[in-house]
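This report concerns only the one structure given below.
Protein chains: 2
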Amino acid sequence: MYTKTKKIAILPPIPVLEFERARRQNQYEKFAAPGTSVDVRILKGGPELTDREYELFWSTGFMILEAEQAASEGIDGILIDCTADPGIEQIAEAVDLPVIGALSAGVHLALQVGRKFSVLALDAQWERMVRSRLRDYGLTGHLASIETVGKHVYQPARGRNMVEGEAAAFINLLRAAGEKALTAGADSIILGSTTIIDGIAELENMLRIPVIAPGIAALKTLEMMIELGIRQSRRAFPKPAIAYGTKMAGLLHIQ
Amino acid sequence: MYTKTKKIAILPPIPVLEFERARRQNQYEKFAAPGTSVDVRILKGGPELTDREYELFWSTGFMILEAEQAASEGIDGILIDCTADPGIEQIAEAVDLPVIGALSAGVHLALQVGRKFSVLALDAQWERMVRSRLRDYGLTGHLASIETVGKHVYQPARGRNMVEGEAAAFINLLRAAGEKALTAGADSIILGSTTIIDGIAELENMLRIPVIAPGIAALKTLEMMIELGIRQSRRAFPKPAIAYGTKMAGLLHIQ
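Okay, here's the thing in structure tokens:
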């Protein structure tokens with residue numbers, strides 16, 4: 114029996130506020146294996162939310178810099194805590210560590226529990242960003258549908274997330290989207306945001322199909338990769354000729 | 114932090130002889146997480162080797178019966194220890210447990226370390242059986258190639274596996290097939306048999322791309338599924354109206 118200790122850096126695509134960082138930290142710790150430590154990091158800059166390709170792009174630069182920083186601190190793997198998988202290719206190129214995206218980990222688990230999956234995206238723009246990613250991965254043929262939920266969990270403008278009554282209403286929105294997914298032929302459902310954490314078991318009971326929390330799937334997949342000593346192929350993601358981290362950090366005024 | 118103990122039944126597709134059962138048992142134990150126990154089982158009947166669709170078919174009946182038996186003993190998950198994934202759908206229908214096939218687990222890990230993978234199949238017929246499976250999974254678009262190795266590891270007719278000199282020659286065959294895979298554009302390689310166990314690190318060093326042992330990928334994926342409480346979707350694999358295990362066991366004279 115062999116077991117490595119595993120230090121995992123978790124990168125939300127935005128500099129989340131502390132209450133949200135703590136919530137994510139707590140959630141990932143719940144699912145971490147013995148010997149795994151997780152560290153949800155706050156980016157040194159970036160937009161408050163990523164709901165557009167525009168915002169995702171600007172986030173990605175800060176994620177790359179944070180990944181390079183984390184790698185220099187001796188961590189064992191990087192988890193992209195976002196269902197658009199921003200920066201996954203760039204970070205796989207930049208660092209010598211396994212990098213896992215929430216969407217891709219969720220999809221590859223979904224394809225082992227059934228043939229067709231649906232994603233519950235937060236809104237129409239997220240629907241488009243997730244679809245674009247799945248197209249790039251060559252996996253849209255396995256998609257039953259992408260359904261939209263119509264509400265966000267993380268609400269930095271209010272300085273807090275949903276409270277009790279709002280959370281209950283949110284479950285109903287998830288359920289309504291999930292029922293559309295069933296009609297579309299989904300064998301399983303992937304939550305379209307790593308911020309959806311509560312009510313998963315409830316949703317699974319209502320829909321009677323597997324509901325996958327993509328961030329947690331990514332955590333367990335990353336543990337597997339660290340345990341097996343496997344990282345991304347350098348043939349797929351060759352190292353850049355010049356590491357631009359310091360220079361770009363200067364341009365972004367976060368050096 | 115939550116961690117369930119996990120009892121996993123490992124089903125080779127054939128009633129392997131004891132020396133091979135012990136070898137596989139030892140190998141899976143090496144990679145099992147703390148709290149995971151593995152049990153490589155000997156089927157109650159079936160062909161000596163599975164190198165044809167004909168043999169795979171006859172194996173599958175015995176695998177289903179063994180899976181039903183294992184499920185009745187209170188195990189937590191079933192691993193199909195074969196890169197043709199025989200019986201995976203039938204067993205997912207029959208039992209209320211997660212079931213993982215070596216090929217599918219290997220492929221879904223490969224697709225997270227690169228975009229194109231190759232499989233090193235033992236011979237031309239295995240090439241055909243693996244290709245047929247990948248076609249069924251809708252994943253041939255991600256395939257760089259299937260290369261053939263030209264030799265088998267498990268040799269029941271001799272009452273033993275390869276010895277030292279033969280094993281060294283086998284690594285060279287793997288390397289030759291792996292180099293063809295590189296030419297074909299593979300980002301990673303999946304070993305085409307769960308009997309290929311030794312020399313993986315050596316092969317990885319020679320080829321400089323990730324080499325995936327599919328049985329081990331299946332073990333770690335199954336641990337993830339048990340940990341997360343996820344099994345196959347009943348929408349994809351509905352329960353049969355009548356459980357035929359006892360009756361079929363009678364027909365196969367193994368009740």
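Protein chains in written order, with my numbering: chain A, 114 to 368; chain B, 114 to 368.
Virtual Cβ for every residue (Gly too), placed ideally from N, Cα, C.
Rounded separation between residue i and residue j - CA only
i        : j        : result
B:PHE350 : B:GLN203 : 8 Å
B:ALA287 : A:LYS117 : With the sequence shown as reference, residue 287 of chain B is identified as Leu, and Ala is not the correct amino acid for it. Cα to Cα, B:LEU287 sits roughly 28 Å from A:LYS117.
A:LYS143 : B:ASP164 : 44 Å
A:SER217 : A:ALA207 : 19 Å
B:ASP209 : B:MET176 : 16 Å
B:PRO160 : B:ALA330 : 26 Å
B:LEU82  : B:ARG246 : With chain B represented from 114 up to 368, any question about residue 82 of chain B goes unanswered, as that position is not in the structure.
B:ALA289 : B:ASP194 : 25 Å
A:THR253 : A:ALA197 : 14 Å
A:VAL266 : B:SER172 : 50 Å
B:ILE188 : B:PRO327 : 21 Å
A:THR334 : B:THR334 : 8 Å
A:GLU317 : B:GLY190 : 20 Å
A:THR296 : A:ILE302 : 12 Å
B:ALA362 : B:GLU131 : 23 Å
B:ALA180 : B:VAL129 : 16 Å
B:GLN140 : A:HIS221 : 25 Å
B:LEU365 : B:GLN268 : 25 Å
B:MET338 : A:GLU166 : 32 Å
B:ALA184 : A:ALA145 : 27 Å
B:ARG241 : B:PHE170 : 15 Å
A:ALA282 : B:GLU186 : 42 Å
A:MET275 : B:PRO147 : 37 Å
A:ALA205 : B:ILE355 : 49 Å
A:ARG348 : B:VAL232 : 16 Å
A:THR149 : A:GLN138 : 13 Å
B:ASP311 : A:ASP311 : 44 Å
Residue i vs residue j beta-carbon contact at 8 Å
i        : j        : result
A:ILE343 : A:GLU315 : no
B:ALA299 : B:ILE322 : yes
A:ILE325 : A:ALA257 : no
A:LYS119 : A:GLU336 : yes
B:SER346 : A:VAL212 : no
B:ALA237 : B:VAL243 : no
Local Cβ density within 10 Å of residue i, reported as buried at 16 or more and exposed below that
i        : result
A:ILE123 : buried
B:PRO126 : buried
A:GLU277 : exposed
B:PHE230 : buried
A:MET114 : With a pLDDT of only 48 at A:MET114, under the threshold of 50, the placement of this residue in the model should not be trusted, and no figure is reported.
A:GLY272 : exposed
A:GLU168 : buried
B:ALA280 : exposed
B:GLY219 : buried
A:GLU340 : buried
B:PRO353 : exposed
B:PRO199 : buried
B:ALA270 : exposed
Closest residue to residue i among the options (Cα-Cα distance)
i        : options                                   : result
A:ILE121 : A:ALA297, A:ILE127, A:VAL153 and A:ARG244 : A:VAL153
B:ARG228 : A:ALA280, A:THR359, A:TYR250 and A:SER306 : A:TYR250
A:GLY263 : A:PRO353, A:GLY305 and A:ASP189           : A:GLY305
A:ALA294 : A:GLU240, A:PRO353, A:ASP194 and A:GLU260 : A:GLU260
A:LYS360 : A:PRO199, A:LEU178, A:THR334 and A:GLU131 : A:LEU178
B:LEU332 : B:GLU240, B:ALA356 and B:VAL151           : B:VAL151
B:TRP239 : B:MET319, B:GLU292, B:THR307 and B:ASP311 : B:THR307
B:ARG248 : A:MET242, A:ARG248, A:HIS255 and A:ARG244 : A:HIS255
A:ARG136 : A:ALA356, A:ILE309 and A:LYS352           : A:ILE309
B:MET319 : B:ILE355, B:GLU292 and B:TYR357           : B:GLU292
A:TYR357 : A:ARG241, A:ARG134 and A:GLN182           : A:GLN182
B:GLY174 : B:ARG134, B:ILE355, B:GLN138 and B:ILE201 : B:ILE201
A:ALA215 : A:ALA205, A:VAL232 and A:LEU192           : A:LEU192
A:ARG134 : A:ILE155, A:ARG348 and A:GLY148           : A:ILE155
Exercise for review: Would you mind listing the beta strand (DSSP E) stretches within the stretch 162 to 218 of chain B that are 3+ residues and don't spill past its ends, in chain order?
Suggested key: 190 to 193 and 212 to 214
Review point. Which full runs of the beta strand (DSSP E) of 3+ residues lie inside the stretch 229 to 291 of chain A, going along the chain?
Key: 230 to 234 and 256 to 261
Practice item. Return the chain-ordered ranges of every beta strand (DSSP E) run that is complete within the stretch 289 to 315 of chain A and spans a minimum of 3 residues. Key: 301 to 304
Point to revise | In chain order, each alpha helix (DSSP H) run of at least 4 residues that lies wholly inside the stretch 310 to 365 of chain B | key: 313 to 320, 327 to 341 and 358 to 364
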